[in-house]
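With the first letter of the sequence shown counted as 1, position 180 gets the number 180 in UniProt numbering; the numbers rise by one all the way through. Note that beta-carbon positions come from the ideal geometry of N, C-alpha and C, so glycine has one too. For clarity, every value in this text was computed on a predicted model and none was experimentally measured. In what follows, a single structure is set out as structure tokens and then discussed.
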Amino acid sequence: MTMSSQALLHFQQWSSEAKSCDCFGGMAQQTSTNNALGTLIGYVGAEAATNEIFERLLWPQRFYNDFGWHNIIRMTLFLPMGAPLHKAALATLIQIHKNGLFRGHEQGHMLGSPFFYDSRISYLAHNCFDIDKPEKDLVRNGLWLRAIANFPLPSTTKLDGSRSVETGLRDAGIPGQHRIRAINRVSHLRISVPDYKPHTSEIIGNETGRTTLKNYFALLATEFTGVLTGITVAIVWKTGFMLLWFAPLILKVVSAYLAVSRGSLEVPPQIQFSGPTGPENDLTPLSEKLQDTSLTNKKFEIHDTLNGFLVIEGDENIILQFFRHYGHPIRNRFREVSQIIIIVAFGALFPIGTICSILWMPIGLQYTWLAYQLYATLAMYVYNFSDGHSLGTTEKKIAQQWTNQRAKGKKNKVYFGSKEGVLMAELEVTCHNRVKDGKDHMKTLLSSQIQRPDKLSCQSSGSGTMTTSSSTDKQAAGLASRNVAVK
């Protein structure tokens, strides 16, 4: 071999080695860039995740009670849990620990933990025998408060019939100091047992039973994007890393299967329904002998800074269930520990995926992992700022049915319960321009007659004594022209 041939061979070997080094150098540089992007997404995503997403995980019967075609798209796009959840998971575990649930069997308190939200709002209970000395207690979980909070008010242009509220007040000659700073709502909710048994299709089922097939379909919809990505990874790369995209759905399904049982709604036996329903007549009259005149009706006064003033009226034996043990988890150590382990697994999912991406994933799969994490992070931000926490929930379903009734010009009325017993909830809302106006109307509602099951009502007289009347509860009259009832 000549000198020139040897030199040419050495040059070709050097060129090949140089190209190989450039290739590995480029790959290393690209991997470093992806690692930096993964770290950034992890930080931004962790800030987006909140503890509320684990409340949804721990009570699927409530948070996926309204799964229908109108919610499928939003659930599919905005409820995946494959995003960076390590910070939210840690905060959830800390709250569980503070509530003493790590101590052992039947120790600690569920109220105020992610298992059972505590509103920390109090109420005053007024009865018709001593209305001037109300009893004070806590609302606790407060299903009906959450339902009313989801009931939308008309726009301000609808309230005064003008282009803007400010213009309407100015045209009416109202002084500037009385201009609206915020619309104040006063809600009057009557909860009772209906005179007729509604058809099953009209009843909003309570959320304390076992997890249903509808709940599982909802969970599948929330992780549809992750499952689709996992299938794509399995087809293109034929790798076990596809489990990173299937893991959120698997954890959700296991969590739903092992969800803790909840305290159910108990309608007193003397006012439960009797008799069948039929297609000819959806409503069946109650037997008169089931009416019990010994039940005591009360009015419950609630002040909520965000959602205004609320009066709930009805039989205290029914209403107090929603303020006490309805929906409260029934203690089961195995299920509680299982849920805690699942929360830990969700918190570890993103760090494990990031480590796999750095050490073992090919470049194309790294891009796929980062792209999905970016999407899931953006979905969490949309979830937070578009009232996503109420998406598909029982309270949202109740509010939506009230809204539909209002749009049809009917009373805001819903039926809530199960085949064992059903309640009827009628809502009336008035809007007021000032807090003082709202308080005045609240006092009018509290001092008005309290409807009793035997059709007798109690009313406070000027001296504070109680009188009875056979008339029904009359509406407060004489509202100012700028206070509008939401029918």
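Residue i versus residue j - alpha carbon distance
{"i": "ASN206", "j": "ALA49", "result": "28 Å"}
{"i": "LEU57", "j": "VAL260", "result": "11 Å"}
{"i": "GLU137", "j": "ALA399", "result": "In the sequence under discussion, the amino acid at residue 137 is Asp, which differs from the Glu named in the question. Approximately 25 Å between the Cα atoms of the pair."}
{"i": "ARG103", "j": "PHE334", "result": "13 Å"}
{"i": "TYR375", "j": "HIS432", "result": "42 Å"}
{"i": "ALA476", "j": "ARG406", "result": "Because the pLDDT at ALA476 is just 37, under 50, the model does not fix this residue reliably, and the value given afterwards should be weighed accordingly. Spanning the two alpha carbons is a distance of roughly 20 Å."}
{"i": "ILE363", "j": "ALA149", "result": "47 Å"}
{"i": "ILE302", "j": "ILE312", "result": "8 Å"}
{"i": "ALA345", "j": "GLN107", "result": "23 Å"}
{"i": "ALA221", "j": "ASP304", "result": "34 Å"}
{"i": "ARG262", "j": "MET110", "result": "11 Å"}
{"i": "GLY327", "j": "TRP59", "result": "9 Å"}
{"i": "PHE116", "j": "GLU55", "result": "8 Å"}
{"i": "ASN99", "j": "ALA147", "result": "26 Å"}
{"i": "CYS356", "j": "SER113", "result": "33 Å"}
{"i": "GLY347", "j": "TRP360", "result": "21 Å"}
{"i": "VAL236", "j": "SER255", "result": "30 Å"}
{"i": "LEU423", "j": "SER201", "result": "14 Å"}
{"i": "ASP387", "j": "ILE72", "result": "15 Å"}
{"i": "ILE358", "j": "TYR372", "result": "16 Å"}
Buried or exposed (CB count within 10 angstroms, at least 16 for buried), residue i
{"i": "ASN43", "result": "The sequence shown places Tyr at residue 43, not Asn. By the 10 Å Cβ count, TYR43 comes out exposed."}
{"i": "LYS238", "result": "exposed"}
{"i": "HIS441", "result": "buried"}
{"i": "VAL139", "result": "buried"}
{"i": "ILE231", "result": "exposed"}
{"i": "PHE67", "result": "buried"}
{"i": "ASP315", "result": "buried"}
{"i": "VAL435", "result": "exposed"}
{"i": "HIS188", "result": "buried"}
{"i": "TYR257", "result": "exposed"}
{"i": "ILE299", "result": "For the sequence presented, residue 299 should be read as Lys rather than Ile. Counting Cβ neighbours within 10 Å, LYS299 comes out buried, since at least 16 surround it."}
{"i": "TRP69", "result": "exposed"}
{"i": "LEU306", "result": "exposed"}
{"i": "ILE94", "result": "exposed"}
{"i": "ASN34", "result": "buried"}
{"i": "ASN404", "result": "exposed"}
{"i": "SER264", "result": "buried"}
Local conformation of residue i per DSSP, three classes
{"i": "LYS408", "result": "coil"}
{"i": "THR229", "result": "helix"}
{"i": "LYS419", "result": "coil"}
{"i": "ARG62", "result": "helix"}
{"i": "LEU391", "result": "coil"}
{"i": "ALA91", "result": "helix"}
{"i": "PRO304", "result": "The sequence shown places Asp at residue 304, rather than the Pro named in the question. Correct three-state label for ASP304: strand."}
{"i": "ILE72", "result": "helix"}
{"i": "ILE180", "result": "coil"}
{"i": "PRO351", "result": "helix"}
{"i": "SER15", "result": "Note that SER15 scores 48 on pLDDT, short of 50, meaning its location in the model is unreliable; the coordinates nonetheless yield the value given after this. SER15: helix per DSSP, three-state reduction."}
{"i": "ASN127", "result": "strand"}
{"i": "LYS289", "result": "Per-residue confidence for LYS289 stands at a pLDDT of 34, beneath the threshold of 50, marking its modelled position as unreliable; the derived number appears in the next sentence. If DSSP states are grouped into helix, strand and coil, LYS289 belongs with the helices."}
{"i": "ASP440", "result": "helix"}
{"i": "SER274", "result": "Residue placement at SER274 is poorly supported in this model, since its pLDDT is 46, which falls under 50; the coordinates still yield a value, given next. Note: SER274 maps to coil in three-state DSSP."}
{"i": "HIS188", "result": "strand"}
{"i": "VAL44", "result": "helix"}
{"i": "ARG210", "result": "coil"}
{"i": "GLU266", "result": "coil"}
{"i": "PRO362", "result": "coil"}
Identity of the residue in the options nearest residue i by Cα
{"i": "ASP437", "options": "VAL186, GLY38 and PRO84", "result": "VAL186"}
{"i": "ILE41", "options": "ALA379, LYS443 and SER390", "result": "ALA379"}
{"i": "ASP195", "options": "GLU428, GLY421 and THR444", "result": "GLY421"}
{"i": "SER390", "options": "ASN35, PHE151, LYS443 and ILE94", "result": "PHE151"}
{"i": "SER418", "options": "TYR216, LYS252 and ILE204", "result": "ILE204"}
{"i": "ILE341", "options": "ALA89, ASN35 and LYS443", "result": "ALA89"}
{"i": "LEU244", "options": "THR354, ASN35 and THR430", "result": "THR354"}
{"i": "GLY226", "options": "GLY347, PHE217, VAL236 and MET242", "result": "MET242"}
{"i": "MET75", "options": "PHE217, LEU310 and ASN307", "result": "PHE217"}
{"i": "ALA425", "options": "ILE73, ARG190 and ILE96", "result": "ARG190"}
{"i": "PHE224", "options": "PHE78, ASN34 and HIS97", "result": "PHE78"}
{"i": "ARG324", "options": "PRO198, GLN366 and LEU143", "result": "LEU143"}
{"i": "ILE96", "options": "GLY45, ILE352, THR39 and GLN339", "result": "GLN339"}
*asked:* Across the region 310-321 and the region 212-219, are there enough close Cβ pairs to call them in contact, namely three or more that are closer than 8 Å?
replied: Segment contact: the region 310-321 against the region 212-219, fewer than three CB-CB distances shorter than 8 Å; contact not assigned.
*asked:* For the structure I just gave you, are there three or more beta carbon pairs, one from the region 382-396 and one from the region 119-129, closer than 8 Å?
replied: Counting C-beta pairs closer than 8 Å gives fewer than three between the region 382-396 and the region 119-129, which falls short of the contact rule.
*Taking contact to mean at least 3 C-beta pairs separated by less than 8 Å, is the region 61-79 in contact with the region 392-408?*
Contact holds: three or more Cβ-Cβ distances are below 8 Å.
*Does the region 407-418 come close enough to the region 69-86 that 3 or more CB-CB pairs lie under 8 Å?*
Contact between the region 69-86 and the region 407-418 is absent: fewer than three C-beta pairs spanning the two stretches fall below 8 Å.
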